[in-house]
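Single-structure report; data block below.
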Amino acid sequence: MIRLSQLSKSFDGGTTFAVREVSLDVSEGETLVLLGASGCGKTTTLKMINRLIEPSSGRIEVDGVDVLKRHVLELRRSIGYVFQDIGLFPHFTARENVEIVPRLLGWSVQRRRARATELLNLVGLDASEFGGRLPRRLSGGQQQRIGIARALAADPKYLLMDEPFGALDAVTRDQLQRELIDLRAALGKTIVFVTHDLFEAIRLADRIGVMNDGRLDQIGAAAELMDKPATPFVADLFEHAKRQAALIAEAP
Amino acid sequence: MRRALSAILILLCCAAGTMARQAETIRLGAKNFTEQEILGELVAQLIENGTDLRVVRRFGLGGTDICHAALLGGEIDLYVEYTGTALLNILKRGVIANPDRAYRAAARGYRERFDLEWLPPIGFNNTYAIAVRADDAAQRGWRTISDLAAHAADLRGGFTSEFMERPDGLPGLARAYDLALARTTDLDPGLMYDALSRGQVDLICAFATDGRLAEYNLVVLEDDRAFFPPYDAAPVARSAVLARHPRLREVLAALAGTIDDESMRRMNHAVDVLSRSPADVARQWIDERLGDAATVGAAEPDAVGDVPGVIALAIERRGELARKIGEHLILTSLGVSIAVLIGVPLGILIHRRAAARSAVLAFTEIVQTIPSLAMLAFLFAMYGLLGTAPAVTALVLYALLPIVLNTFTGLREVPRQVIEAANGLGFSSRQRLWMVELPLAAPVIIAGIRAATVLTVGIATLSTYIGAGGLGDFIARGLARNDSRLTLLGAVPAAVMAVLLSLLIRLLERLVRRG
Chain A
136 MIRLSQLSKS
146 FDGGTTFAVR
156 EVSLDVSEGE
166 TLVLLGASGC
176 GKTTTLKMIN
186 RLIEPSSGRI
196 EVDGVDVLKR
206 HVLELRRSIG
216 YVFQDIGLFP
226 HFTARENVEI
236 VPRLLGWSVQ
246 RRRARATELL
256 NLVGLDASEF
266 GGRLPRRLSG
276 GQQQRIGIAR
286 ALAADPKYLL
296 MDEPFGALDA
306 VTRDQLQREL
316 IDLRAALGKT
326 IVFVTHDLFE
336 AIRLADRIGV
346 MNDGRLDQIG
356 AAAELMDKPA
366 TPFVADLFEH
376 AKRQAALIAE
386 AP
Chain B
29 MRRALSAILI
39 LLCCAAGTMA
49 RQAETIRLGA
59 KNFTEQEILG
69 ELVAQLIENG
79 TDLRVVRRFG
89 LGGTDICHAA
99 LLGGEIDLYV
109 EYTGTALLNI
119 LKRGVIANPD
129 RAYRAAARGY
139 RERFDLEWLP
149 PIGFNNTYAI
159 AVRADDAAQR
169 GWRTISDLAA
179 HAADLRGGFT
189 SEFMERPDGL
199 PGLARAYDLA
209 LARTTDLDPG
219 LMYDALSRGQ
229 VDLICAFATD
239 GRLAEYNLVV
249 LEDDRAFFPP
259 YDAAPVARSA
269 VLARHPRLRE
279 VLAALAGTID
289 DESMRRMNHA
299 VDVLSRSPAD
309 VARQWIDERL
319 GDAATVGAAE
329 PDAVGDVPGV
339 IALAIERRGE
349 LARKIGEHLI
359 LTSLGVSIAV
369 LIGVPLGILI
379 HRRAAARSAV
389 LAFTEIVQTI
399 PSLAMLAFLF
409 AMYGLLGTAP
419 AVTALVLYAL
429 LPIVLNTFTG
439 LREVPRQVIE
449 AANGLGFSSR
459 QRLWMVELPL
469 AAPVIIAGIR
479 AATVLTVGIA
489 TLSTYIGAGG
499 LGDFIARGLA
509 RNDSRLTLLG
519 AVPAAVMAVL
529 LSLLIRLLER
539 LVRRG
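Order-wise, the sequence lines are chains A and B.
For my numbering, add 135 to where a residue sits in the first sequence, where the first one is 1.
For my numbering, add 28 to where a residue sits in the second sequence, where the first one is 1.
Here it is in structure tokens:
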């Protein structure tokens, strides 16, 4: 379980806050989506979980242990992370990218190899065909599949995903969302997923946490948010999406 | 960093030092002009013929100060100096017009102040002289320097940079003869004669023993006011060396009073104009003078005079050429390797610590602006050593900027999202550096090393001026003699070397470029 208590972050010594007093729990096997506009603090919150950013105040516990008390590299290697701009190592092949965390953890070459082959096949890329390719010879969708495989390589219990499909075209995004749902069903990971796309949130989330100006406005299942919005911001968010959906439905 | 640099340099110096101090050797110095090389060869061959000592030749040293400091520092044991130079440049005394008194004053000063000993004078007096075109002299009736004064306002003088500044050079001459020239130009000693004979200047400062005076149809004007002090040549040696090898004194006695102005001029002519090697000319003199003339006759051929081109010269001197190329490669690779060992870590440092950035970059940039010769002279003074150590230090300093700058730039250009991914996945900062940042920056870093290598091959040609050898030896000798074939014999292989090394490194660059 991941627990955030009264978590705040200020980048300017307390004048303004990127994240204000956010408290939430992520239970085992759950997918929690942090939803909000850009600059609302959702990515900052995500990065504090594996200490890419250190909190100004408040507390984060992973499995009951304060993350600040854990060895930072060991913490990061134990949590899968999928980046918004993918961030594959351009000088490593697809296979080498997938193997990197096991390599940092000192796995044997044999074990690494086998794991990479398994994961490449799992994300739908034939290991023998794609394993030896450098990232620049892969499409955007293929690159992010490698990104996901890389995050899963050391079989982490938790997966942090920072707008992982934001840079992809709509068709590829749809496909990867579907694959992620299958993958989650197969692997049972606990996922914190950041997005600004309500439809993506509804599709993937067990619960959605809506963030607005650094605060967590409301957290709950999509239906709950839609039926009983806690703030005008949450209400607007759904109204806006409904109008868009209607627009598509009415289109000739 | 500074400590590491000093440590490397000290190691180098020790290495150079032990190499030079093997067994019973005697190290001879000579300045970087023809006459000095001939005299150096004469002394060297006399010692080699007459003793069991091994002679190390450190010729082509860039000036009196460097020779003197090398002698004091024990870097060389002996070289030939001139009385006038000793009094004015080293002892900082006024002019002594009487040659015998000048010699005695120099010898006494050196013995008392430096524990150096003057051996008997060789005989000739290589003083300054003012030379003009022979036809000018005939037409205008010039015979003495005083005759010039009336025409001075129309005359252009061409002088060596040294003559322009010496008290017994132009400043004193202008005063003594009330000579106000229309214009003066600083000229390389090797080009002065050419400039005069082509009419680009009207008078030059010649040396009384210069072999080119006759060649260019020039005449020397009489120094009717006895302005130029005597410059009698004599070997100067460290007293300790003479004490340890008493044979030296006997062997070198063969030189005393044996070469007059005219003989010296002929020998200089043989090298400067007839393109014979100083070693040959010295050998011939010894053979003729010391009796066993049977070995090398006077029929020494005008070696390459009739075979045009650098290639002929290269073939003829292939052994020496190969050695010089080897020396040049060693200087270059030592310089670049050490610069890489220092420069890449410095580049990494300034990438990580913005505070150090401007200071380091400013330092490397300022170093680039120091003229190479000034740098060499300065480093020589700092180390008190000749040869490889100061030369390599200079090369390292010049090679630093492209390496530091490219390392910094290469690291800075590693995409931000790749760095973030490395951090997010749990790379330590060392792992990030070695597995991600350096591999991605490698092509840019190697491009910097390539630039540094090309630069270093070029600058290494100047190492000749502090006796570090290399292809610069040919270039400097060629320039000093205005012998373009000799200059090209050094310059062409240096250029080829730069191009080949650059290609080699470009190949390496392609190998590491991935992704």
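Glycine included, every Cβ here is placed at the ideal spot set by N, Cα and C.
It should be emphasised that the depicted structure is a prediction, and the values quoted were computed from it without experimental measurement.
Counting only Cβ pairs nearer than 7 Å, list the residues of chain A close to residue i.
i         : result
Glu448(B) : Phe218 and Gly222
Pro467(B) : His226
Gly452(B) : Asn185, Leu187, Arg211, Tyr216 and Phe218
Val464(B) : Phe224
What distance in whole Å lies between the Cβ atoms of residue j and residue i, which are believed to be in contact at a cut-off of 8 Å?
i         : j         : result
Leu246(B) : Ala159(B) : 5 Å
Arg253(B) : Tyr205(B) : 7 Å
Met346(A) : Lys177(A) : 5 Å
Pro257(B) : Ile124(B) : 7 Å
Arg342(A) : Ala356(A) : 6 Å
Val338(B) : Leu507(B) : With a Cβ gap of about 15 Å, Val338(B) and Leu507(B) do not count as contacting.
What does a CB cutoff of less than 7 Å around residue i pick up in its chain, not counting 5 residues either side in sequence?
i         : result
Val332(B) : Residue placement at Val332(B) is flagged as unreliable, the pLDDT there being 42, under the threshold of 50; the coordinate-derived value follows with that caveat. Contacts found: Ser303, Ala340, Leu341 and Glu344.
Gln396(B) : Tyr426 and Leu429
Ala289(A) : Arg212, Val236, Pro237 and Leu240
Below 8 Å CB to CB, which residues in the same chain sit around residue i once its five sequence neighbours on both sides are set aside?
i         : result
Leu303(A) : Gly275, Gly276, Gln279 and Leu311
Glu250(B) : Arg171, Thr172 and Ile173
Phe368(A) : Val345, Asn347 and Asp352
Ser192(A) : Gln141, Leu142 and Ser143
Val248(B) : Ala157, Ile158, Ala159, Ala234, Ala236 and Leu241
Considering only C-alpha positions, which residue in the set the options is nearest to residue i?
i         : options                                       : result
Val84(B)  : Ala97(B), Gly68(B) and Lys120(B)              : Gly68(B)
Gly137(B) : Thr113(B), Asn154(B) and Asn153(B)            : Thr113(B)
Asp288(B) : Ser456(B), Ile150(B), Glu316(B) and Pro263(B) : Ile150(B)
Ala262(B) : Ala271(B), Ala282(B) and Glu243(B)            : Ala282(B)
Ile316(A) : Ser191(A), Ala305(A) and Val258(A)            : Val258(A)
Gly267(A) : Ala356(A), Arg250(A), Ala229(A) and Pro237(A) : Ala229(A)
Arg226(B) : Ala181(B), Arg161(B), Thr188(B) and Ala98(B)  : Arg161(B)
Pro538(B) : Gly498(B), Glu65(B), Thr515(B) and Ile473(B)  : A quick correction: the sequence has Arg, not Pro, at residue 538(B). Closest by alpha carbon: Ile473(B).
Asp198(A) : Glu385(A), Ser162(A), Gln245(A) and Asp332(A) : Ser162(A)
Ile431(B) : Leu404(B), Ala470(B) and Ile447(B)            : Ala470(B)
Thr92(B)  : Ile66(B), Thr111(B) and Val464(B)             : Thr111(B)
Tyr221(B) : Ala157(B), Trp462(B) and Leu466(B)            : Ala157(B)
Asn434(B) : Asn451(B), Glu348(B), Ala367(B) and Leu423(B) : Ala367(B)
Trp146(B) : Val446(B), Leu514(B), Ala134(B) and Asn153(B) : Ala134(B)
Pro199(B) : Pro148(B), Phe255(B) and Leu499(B)            : Phe255(B)
Asp309(A) : Val327(A), Arg155(A), Glu385(A) and Ile337(A) : Ile337(A)
Skipping 5 residues on each side, what residues in its chain have a beta carbon closer than 6 Å to that of residue i?
i         : result
Asp320(B) : Annotation note: pLDDT 45 at Asp320(B) (below 50); position unreliable, coordinate value reported separately. Contacts found: none.
Arg138(A) : Asp160 and Glu196
Gly323(A) : Gly164
Ala128(A) : Residue 128(A) lies beyond the residue range present for chain A, which begins at 136 and ends at 387; the question has no answer from this structure.
Ile232(B) : Ala159, Gly186, Met220 and Leu224
Could you check if residue i is buried or exposed, using at least 16 other CB atoms within 10 Å of its CB as the buried criterion?
i         : result
Cys41(B)  : Since pLDDT at Cys41(B) reaches only 44, below the 50 mark, its modelled position is unreliable, and the value read off the structure follows with that caveat. Buried, because 16 or more other Cβ atoms sit within 10 Å of the Cβ of Cys41(B).
Gly371(B) : buried
His206(A) : exposed
Ile394(B) : exposed
Leu528(B) : exposed
Gln312(B) : buried
Gly148(A) : exposed
Asp260(B) : buried
Thr323(B) : Legend: pLDDT at Thr323(B) = 37, less than 50; position of this residue unreliable, value from coordinates given subsequently. Exposed, because fewer than 16 other Cβ atoms sit within 10 Å of the Cβ of Thr323(B).
Thr416(B) : buried
Ala320(A) : exposed
Trp7(B)   : A question about residue 7(B) goes unanswered here, because the residues of chain B that appear run from 29 up to 543.
Leu37(B)  : Caution is warranted here: a pLDDT of 45 is assigned to Leu37(B), below 50, making its placement in the model unreliable, and the coordinate value is therefore given only provisionally. Answer is buried; the Cβ neighbour count reaches 16.
Ile503(B) : buried
Lys363(A) : exposed
Gly285(B) : exposed
Lys182(A) : buried
Ala326(B) : Its pLDDT being 34, under 50, Ala326(B) is placed unreliably by the model, and nothing is read from it.
Applying a beta-carbon distance threshold of less than 8 Å, which residues of chain B neighbour residue i?
i         : result
Leu294(A) : Within 8 Å Cβ-Cβ: nothing; Leu294(A) doesn't reach chain B, min ~12 Å.
Leu372(A) : Simply none; closest approach about 28 Å.
Please list the partners that residue i has in chain B, where partner means a Cβ-to-Cβ separation under 7 Å.
i         : result
Ile235(A) : Leu453
Leu208(A) : Gly454 and Ser456
Leu170(A) : Simply none; closest approach about 21 Å.
List the residues of chain A whose Cβ lies closer than 8 Å to the Cβ of residue i, in chain order.
i         : result
Gln459(B) : Leu239
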